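Residue numbers (our numbering): 1 to 172.
Heads up, the beta-carbon is just placed ideally off N, CA and C, and yes, glycines get one too.
Note that the structure is predicted; figures quoted are calculated from it, not measured.
Written out as structure tokens, the structure is:
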């Protein structure tokens, strides 16, 4: 699981940058991988009233079984058996009504499993909105359209009815 997540994040980060930013992106990826290596490789288990991420992927229900710790990844990353979604995260922007618009410079990282092989997607169109902040808990909704990473194809992936709940409590 940990190795899969590291590979996923590094691949997407490298693919989404140009040559001028490649060195910085590679350094960022190394730092991110180091942080992931320090955490629980299985992430935080999702529960009905706790950490949660659900969506429909091409019309099929999907629910994360774990969410990676925010401090280690700097992203909201939900995972279900190697298939996952990774959204931008900045604790300061967890304010009701705040919308994050996805695009070329603000990509959602998506991985799916097809015939036992991992496929990577770039979520370039859509948005995430913070809908509730209560104490240390934040809820939001999202939708995104993805296109294959590294492959020039008209094929796309539609993610709708997305929902997440995370804790922004500071670690003590």
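Please name the residue, chosen from 55, 117, 109, 120, that lies closest to residue 140 on a Cα-to-Cα basis. 55
Under 9 angstroms between the Cβ atoms of residue 165 and residue 68? no
Please name the residue, chosen from 109, 119, 136, that lies closest to residue 75 on a Cα-to-Cα basis. 109
Three CB pairs or more closer than 8 angstroms across the region 146–157 and the region 119–135: yes
Would you mind reading off the limits of the alpha helix (DSSP H) that contains residue 52? No alpha helix (DSSP H) contains residue 52, which is instead part of the beta strand (DSSP E) from 52–57.
What does the Cβ neighbour count give for residue 79, buried or exposed, with the cut at 16 atoms within 10 Å? buried
Considering only residues of the region 101–169, which uninterrupted alpha helix (DSSP H) runs meet the minimum length of 4 residues and lie entirely inside it, listed in chain order? none
Can you tell me where the alpha helix (DSSP H) with residue 72 in it begins and where it stops? 70–73
Would you tell me roughly how many angstroms separate the C-alpha atoms of residue 22 and residue 107, rounded to the nearest one? Unreliable positioning characterises residue 22 in this predicted model, as indicated by a pLDDT of 47, which lies under 50. The coordinate reading is nonetheless provided below. Approximately 16 angstroms between the Cα atoms of the pair.
Going by DSSP, what residue range makes up the beta strand (DSSP E) through residue 61? 60–63
Endpoints, the beta strand (DSSP E) within which residue 83 is located: 83–88
Run the CB neighbour count on residue 227, radius 10 Å, all protein chains shown included, and call it buried at 16 or more, exposed below. What is shown of the chain runs 1 to 172, which leaves residue 227 out entirely.
I'd like to check one pair, residue 44 with residue 66: are the Cβ atoms closer than 9 angstroms? yes
Determine the direct distance from the alpha carbon of residue 90 to that of residue 169, and round the result to whole angstroms. 13 angstroms
C-alpha distance - residue 126 paired with residue 155, whole-angstrom precision: 17 angstroms
May I have the straight-line CA-CA distance separating residue 150 from residue 117, to the nearest angstrom? 15 angstroms
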